[in-house]
Amino acid sequence: MSNLPVPAPRVNSETQPFWDGTAEGRLVLPHCDRCAFVIWYPRSFCPECGSTEVTWKDASGFGTIYSFSITRKGQGEYRNATPYVLAYVELDEGPRVLTNLVEDDPDALEVGQRVRVVFHDTGQGTALYRFARG
Amino acid sequence: MSIRGRAAIVGAFEHPLRDIPHLTLPQVHREVAAGALADAGLAFSDVDAYFCAGDAPGFGALSMAEYLGLKPRILDSTETGGSSYLFHVGHAAALIAAGKCSVALITLAGKPRTGGAAPGGSGGFSAAPEGGFENPWGITVPNAYALAARRHMYEFGTTSAQLAEIKVAASLHAQHNPNAFLRDVVTVQEVLDSPMVADPLHRLDCCVITDGGGAVVVANPEIARSLGGGHRAAWVLGHGETMKSTNNGRIDLTHTGARWSGPAAFAEAGVTPADIRYASIYDSFTITVLQTIEDLGFCAKGEGGRFVSDGGLVAPFGRLPFNTDGGGLCNNHPGNRGGMTKIIEAVRQLRGEAHPAVQVPDCSLALAHGTGGNLGTRTGAATLILGQEDA
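These protein sequences, in sequence, are chains A and B.
To convert, count from 1 in the first sequence and add 1; that's the working numbering.
To convert, count from 1 in the second sequence and add 230; that's the working numbering.
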């Protein structure tokens, strides 16, 4: 279904809860305990109000395509993966996240289409969150 | 306190070459520094402030200032990618206005074609806090700018043909620049027929990749008036700088940081977009130009496509003559950083030293804008208003 490379993300102690979730097939987002902001990218405090009290909660896994590009010229691990689709998906919880769309027919993609999360195992205790239509 | 009329660009130099295999990166920095100082009529010993960005090899400004033999009172290594040098001019003007220095040298050099230090400023920083959430997806510079282009098209109906008009205008200017990397005039259809790099951006929507460099010298009013009869000074009338972030996960891909840096610069200069005779607009990609023109207030948001069409950007008589050297799209994007050349061409226009075919008549007021980083994620933004007169 997908010939996308699955490079392991750089993980540190601050982002470990997020990436641990991906290994279990869960998209977990930090929510601010004080102002309820859904924080992205994941971090240990709320950049909106400054609170350091955050709670990790499961996301629905659904979202909408905010923008995308069918990339014909890749670099590094993606050099031989073209065409592939880089995108921003707006999660139903609010954040717009950079990701890939897993898609056999890129020409059928449109801004505004509904997508759901899929996970691709990196083999290193994490999984990459990507999105597919339907 | 304002910097308006408190400092002037008195020297400017663009390296004439686009392939520089025979010089090291520090040597290119020195050549452009020497060129800008000679243009000003000043010596290295006159310099008491030095500015450089991430293209400079070594330990920020320390390595290069030592290499050049400077004894600066002020050092500034502000790094905001290709926009850095417009930040530097603003900082230099403020420091000069505060009496902290009198002659500031700003240098840029890069050798992406023939080796040397890899250019920075455009993502891929693995240790950055955002790195794990951006690097795994095959992000490049073009495909992330393409995200901005796609969203602008979706919201405002902007077309690829309208973006192509920007490249066409740049090529019409570049044909007159003997040093330009690309001198052939292109048509809208040729842009649309060029290979897709990252849909919807074609190869000819992208800037060139060149070796090169440039430098400018900023001086206090007394020195500016004493040099060359004072006729060649480009006075710094206004400066605005900021960043545009991913906004805590709510990025808006339809605008640049010019939305904020532009009004700050116009307010300081006490002028409006309608007063600007010539604009150097950062042109890493055609979409960068289109969004920036809207954000600076030359037209309403979403109207950029119409504004750039029908020769709107073509010198000398278009609605807004832009990038008369051919810009980054055709002339030069040294070290993958287009900010310095934006300043330099604005200085040429104010002096009346642009190529006669593209010189804007009575060019009394010019704007230069820089965008650094990646429009698909985070960018630095700096706007300068420059004038022939000091107020």
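Every residue gets a Cβ at the ideal spot worked out from N, C-alpha and C, and that includes glycine.
Any beta strand (DSSP E) of 3 or more consecutive residues that is wholly inside the stretch 497 to 549 of chain B | Along the length of the stretch 497 to 549 of chain B, whole beta strand (DSSP E) runs at least 3 residues long occupy 508 to 511, reported in chain order.
Quick one: is residue 360 of chain B near chain A, going by C-beta distance under 8 Å?
-> Yes, contact with chain A.
Residue 104 of chain A vs residue 6 of chain A beta-carbon contact at 8 Å = No, the pair does not count as a contact, with Cβ atoms beyond the cut-off.
Just how far apart, CA to CA, sit residue 537 of chain B and residue 527 of chain B?
-> Taking the straight line from one Cα to the other gives about 11 Å.
Tell me, to the nearest whole angstrom, how far the beta carbon of residue 102 of chain A is from that of residue 88 of chain A; I am working on the premise that it is less than 8 Å.
-> So it is a contact: roughly 5 Å between Cβ atoms.
Interface residues of chain C around residue 512 of chain B at Cβ under 9 Å?
-> In the displayed structure, chain C is absent; the protein chains listed are A and B.
Looking at the C-beta of residue 114 of chain A, does it have a partner C-beta in chain B at a distance below 8 Å?
-> Interface criterion not met: the Cβ of residue 114 of chain A is under 8 Å from no Cβ in chain B.
Alpha-carbon spacing of residue 66 of chain A relative to residue 486 of chain B, whole angstroms = Near 21 Å, if we compare the C-alpha coordinates of residue 486 of chain B and residue 66 of chain A.
Please go through the same chain and pick out, in chain order, the residues whose beta-carbon is closer than 7 Å to the beta-carbon of residue 12 of chain A, but skip the five residues on each side of it.
-> So the list reads 20 and 127, once near-sequence residues are dropped.
Cβ-based neighbour list, residue 249 of chain B, same chain, cut-off 7 Å, excluding 5 preceding and 5 following = 343, 344 and 441, listed in sequence order.
Any alpha helix (DSSP H) of 4 or more consecutive residues that is wholly inside the stretch 259 to 345 of chain B | Within the stretch 259 to 345 of chain B, the complete alpha helix (DSSP H) runs of at least 4 residues are 290 to 298 and 314 to 327.
Output yes if chain A places a C-beta closer than 8 Å to the C-beta of residue 524 of chain B; else output no.
-> Not one chain A Cβ lies under 8 Å of residue 524 of chain B.
Determine, using beta-carbon pairs with one atom in the stretch 609 to 619 of chain B and one in the stretch 464 to 476 of chain B, whether at least three such pairs fall under 8 Å.
-> Taking one beta carbon from each stretch, the stretch 609 to 619 of chain B and the stretch 464 to 476 of chain B have 3 or more pairs nearer than 8 Å; the two touch.
Any C-beta of chain A under 8 Å from that of residue 632 of chain B = Past the edges of chain B, shown from 231 to 621, lies residue 632 of chain B, and the structure says nothing about it.
Of the listed residues B:602, B:254, B:565 and B:539, nearest to residue 417 of chain B (C-alpha basis) = Of B:602, B:254, B:565 and B:539, the residue nearest in Cα terms is B:539.
So is residue 386 of chain B buried or exposed if we call it buried at 16+ other beta carbons inside 10 Å?
-> The residue in question, residue 386 of chain B, is buried, as its Cβ has 16 or more Cβ neighbours within 10 Å.
Could you round the C-beta distance between residue 420 of chain B and residue 431 of chain B to whole angstroms and report it? I think they count as a contact, below 8 Å.
-> Not a contact, Cβ separation roughly 15 Å.
Starting from residue 101 of chain A, find everything on chain B with Cβ-Cβ shorter than 8 Å and list it in chain order.
-> Taking a Cβ-Cβ cut-off of 8 Å, the neighbours of residue 101 of chain A in chain B comprise 367 and 368, given in sequence order.
Would you list, in chain order, the members of the stretch 45 to 57 of chain A that have their beta-carbon closer than 9 Å to a beta-carbon of chain B?
-> For the stretch 45 to 57 of chain A, the residues whose beta carbon sits under 9 Å from a beta carbon of chain B are, in order, 47, 48 and 49.
Determine the contact status of residue 572 of chain B and residue 610 of chain B, defining contact as a CB-CB distance below 8 Å.
-> Inclusion of residue 572 of chain B and residue 610 of chain B in the CB contact set at 8 Å is not warranted, their separation being larger than that value.
Within 8 Å (strictly less), CB to CB, does residue 363 of chain B reach chain A?
-> Closer than 8 Å to some Cβ of chain A, the Cβ of residue 363 of chain B qualifies, so yes.
Determine the direct distance from the alpha carbon of residue 18 of chain A to that of residue 359 of chain B, and round the result to whole angstroms.
-> When rounded, the separation of the alpha-carbon atoms in residue 359 of chain B and residue 18 of chain A is 15 Å.
My understanding is that residue 447 of chain B touches residue 241 of chain B, with C-beta atoms under 8 Å, so please give their C-beta distance in whole angstroms.
-> With a Cβ gap of about 3 Å, residue 447 of chain B and residue 241 of chain B count as contacting.
Within-8 Å CB hit, residue 604 of chain B to chain A | No, no contact with chain A.
Determine whether the Cβ of residue 1 of chain A lies closer than 8 Å to any Cβ atom of chain B.
-> Since the displayed chain A opens at 2 and closes at 135, residue 1 of chain A lies outside it and no answer follows.
For the beta strand (DSSP E) that contains residue 379 of chain B, what are its first and last residues?
-> No beta strand (DSSP E) holds residue 379 of chain B; the alpha helix (DSSP H) holding it covers 371 to 386.
Select from the stretch 421 to 454 of chain B all residues with a C-beta closer than 8 Å to any C-beta belonging to chain A, and list them in chain order.
-> The stretch 421 to 454 of chain B vs chain A, Cβ under 8 Å: 425, 426, 427, 428, 429, 430 and 431.
For residue 45 of chain A, which residues from the same chain have a beta carbon less than 8 Å from its beta carbon, with the 5 sequence-adjacent residues on both sides left out?
-> Correct list, in chain order: 15, 31, 53 and 55.
For residue 479 of chain B, go through chain A and note every residue whose CB falls closer than 8 Å to its CB, in chain order.
-> When 8 Å is used as the limit between beta carbons, residue 479 of chain B is near these residues of chain A: 39, 40, 41, 42, 95, 96, 97 and 98, in chain order.
Does residue 3 of chain A get closer than 8 Å to chain B when you measure Cβ to Cβ?
-> At least 8 Å separates the CB of residue 3 of chain A from every CB of chain B.
Relative to the C-alpha of residue 260 of chain B, which residue among B:274, B:270, B:251 and B:247 is closest?
-> Residue B:274 is the option with its Cα nearest to residue 260 of chain B.
Grouping DSSP H, G and I as helix and E and B as strand, with all else coil, what is residue 599 of chain B?
-> For residue 599 of chain B, the three-state secondary structure derived from DSSP is strand.
State yes or no: is the C-beta of residue 606 of chain B within less than 8 Å of the C-beta of residue 72 of chain A?
-> In this structure, residue 606 of chain B sits away from residue 72 of chain A, with a CB-CB distance that is not shorter than 8 Å.
Indicate whether at least one CB of chain A lies closer than 8 Å to the CB of residue 594 of chain B.
-> Not one chain A Cβ lies under 8 Å of residue 594 of chain B.
Buried versus exposed call for residue 502 of chain B [16 or more other C-beta atoms within 10 Å across all chains shown] = Taking every protein chain shown into account, the CB of residue 502 of chain B has fewer than 16 other CB atoms within 10 angstroms, so this residue is exposed.
Where does residue 231 of chain B land, buried or exposed, given buried means 16+ other C-beta within 10 angstroms?
-> Exposed is the call here.
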